[in-house]
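*Asks:* Quick one: structure below, then a few questions.
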Amino acid sequence: MIKGLYEAHLPISDVTESIEFYKKLGLELAHQGDEVTFFWIEKGKSWLGLWKTDKVKTPYHPSLRHIALYVELEGLLDANEWLNERGIEVRTAFNFKSDQQPIVLPNYPQSHAAIYFDDPDGNSLELITPLKLDDEIDFEMMELRDWTK
Numbered sequence: 001m002i003k004g005l006y007e008a009h010l011p012i013s014d015v016t017e018s019i020e021f022y023k024k025l026g027l028e029l030a031h032q033g034d035e036v037t038f039f040w041i042e043k044g045k046s047w048l049g050l051w052k053t054d055k056v057k058t059p060y061h062p063s064l065r066h067i068a069l070y071v072e073l074e075g076l077l078d079a080n081e082w083l084n085e086r087g088i089e090v091r092t093a094f095n096f097k098s099d100q101q102p103i104v105l106p107n108y109p110q111s112h113a114a115i116y117f118d119d120p121d122g123n124s125l126e127l128i129t130p131l132k133l134d135d136e137i138d139f140e141m142m143e144l145r146d147w148t149k
């Protein structure tokens, strides 16, 4: 029955600034309204709703105001440079600074690689790709460049 996640929502304070930011990420504007704007993540399969509100600021917790966008490994390897070219700063995550990312997340028995940054309202964004699924080896979090050696 369930085939995937179709939509996610984030709060924003400035529609124009947010549209500009998400276009820099390569997302396609699907709908622009006064209170909500939608971007296609994968056209016809998933989209992101950005809701204008004056209640954007909340204490950070990964279960709030966070989305992870799937990318291929090749894209993730270049993600730090790709984000910097667009004026988007990679933020420290799990004590790994921007120049140490992407990082490998050992959610045993699954492993993923990811890089973290924020949108203009401080919503947490992540580019992520699976590395190994149902792996038999547990390991510590590390830089992706160390994983690929």
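So the sequence shown is numbered by full-length UniProt numbering: it starts at 1 and just counts up by one.
For each residue, glycine too, the CB sits at the ideal point set by N, CA and C.
All of these numbers come straight from a predicted model, not from anything done at the bench.
Would Tyr108 pass as a contact of Asp78 if the rule is Cβ separation under 7 angstroms?
*Replies:* In the sequence shown, counting from the first residue as 1, residue 108 sits at position 108. In the sequence shown, counting from the first residue as 1, residue 78 sits at position 78. No; because the gap between Cβ atoms is not below 7 angstroms, this pair is not in contact.
*Asks:* According to DSSP, what are the bridge partners of Phe96?
*Replies:* Position 96 of the sequence shown, counting from 1, holds the residue named residue 96. DSSP, once it has assigned bridges, lists Ala93 as partnering Phe96.
*Asks:* For Thr129, write down the residues that DSSP places opposite it in a beta bridge.
*Replies:* To locate residue 129, count along the sequence shown from 1; it is residue 129. Paired residue(s): Ala113.
*Asks:* Can you round the beta-carbon distance between Gly4 and Lys45 to whole angstroms, since I take them to be within the 8 angstroms contact cut?
*Replies:* Taking the first residue of the sequence shown as 1, we reach residue 4 at position 4. Taking the first residue of the sequence shown as 1, we reach residue 45 at position 45. Contact flag correct, Cβ pair sits at about 7 angstroms.
*Asks:* Who are the near neighbours of Ile41 in its chain, counting only those whose CB is closer than 7 angstroms to its CB and skipping five residues on each side?
*Replies:* For the purposes of this step, residue 41 is taken as the residue at position 41 of the sequence shown. Correct list, in chain order: Leu27, Trp47, Leu48, Leu69.
*Asks:* Compare the beta carbon distance of Lys52 and Glu35 with 7 angstroms and say whether it is the shorter of the two.
*Replies:* Counting from one through the sequence shown, the residue named residue 52 turns up at place 52. Counting from one through the sequence shown, the residue named residue 35 turns up at place 35. Yes, these two residues count as a Cβ contact at 7 angstroms.
*Asks:* Along the beta strand (DSSP E) that carries Lys52, what are the first and last residues, could you check?
*Replies:* To locate residue 52, count along the sequence shown from 1; it is residue 52. Its beta strand (DSSP E) spans residues 46-52.
*Asks:* So, with DSSP's three-state summary, where would you put Asp78?
*Replies:* By one-based count along the sequence shown, residue 78 stands at place 78. Asp78: coil per DSSP, three-state reduction.
*Asks:* Terminal residues of the continuous alpha helix (DSSP H) containing Leu144?
*Replies:* Numbered from 1 along the sequence shown, position 144 holds the residue referred to as residue 144. 144-147 is the extent of the alpha helix (DSSP H) around Leu144.
*Asks:* Can you give the Cα-Cα distance for Tyr116 and Met1, rounded to whole angstroms?
*Replies:* Taking the sequence shown and counting its residues from 1, the one referred to as residue 116 is at position 116. Taking the sequence shown and counting its residues from 1, the one referred to as residue 1 is at position 1. Roughly 32 angstroms separates the two Cα atoms.
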